[in-house]
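Below is one structure, written out as structure tokens; comments come after it.
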Amino acid sequence: MSTLHVLSHSPFGDDRLTSCLRVIGSADALLLSGDAVYALQPGTAPFTELQSRQIKLFVLAEDMEARAIEAPDWAIAIDYPAFVELSIHHDKVNSWL
1 MSTLHVLSHS PFGDDRLTSC LRVIGSADAL LLSGDAVYAL QPGTAPFTEL
51 QSRQIKLFVL AEDMEARAIE APDWAIAIDY PAFVELSIHH DKVNSWL
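Residue numbers (the UniProt record's numbering): 1 to 97.
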């Protein structure tokens, strides 16, 4: 059973990203949206942690563009229709509110 984990809060304001990374499984995927895309700022602890993990990482392109952040080559930028497809592909969706 696979889960799509969705984070939308900044990784610099709380520990949702850390908690998510503790429970994410090998069949799971992580989608960064909203302020969670700040985790992809090079040189930050969240960037380093995500880079070192072997997880399927997706990021909403619209949110990255709004924050002038570029996706590293190990993250896949997607649009909203692809987000819907990704949600359908997984058995569960867990939004880290």
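Yeah, the Cβ is synthetic: ideal placement off N, Cα and C, and Gly gets one too.
Asked                                                                                                    : Found
Boundaries (first-last residue) of the beta strand (DSSP E) holding residue 102                          : One cannot answer for residue 102 here, as it falls past the ends of the chain, which runs 1 to 97.
Integer-rounded CB distance, given that Tyr38 should sit under 8 Å from Pro11                            : 6 Å
Buried versus exposed call for Lys92 [16 or more other C-beta atoms within 10 Å across all chains shown] : exposed
Reference Asp79; option with closest CA among Leu31, Pro46, His90                                        : Leu31
Ser2 vs His90 beta-carbon contact at 8 Å                                                                 : yes
Span of the alpha helix (DSSP H) around Thr44                                                            : Here Thr44 belongs to no alpha helix (DSSP H), and DSSP marks it neither H nor E.
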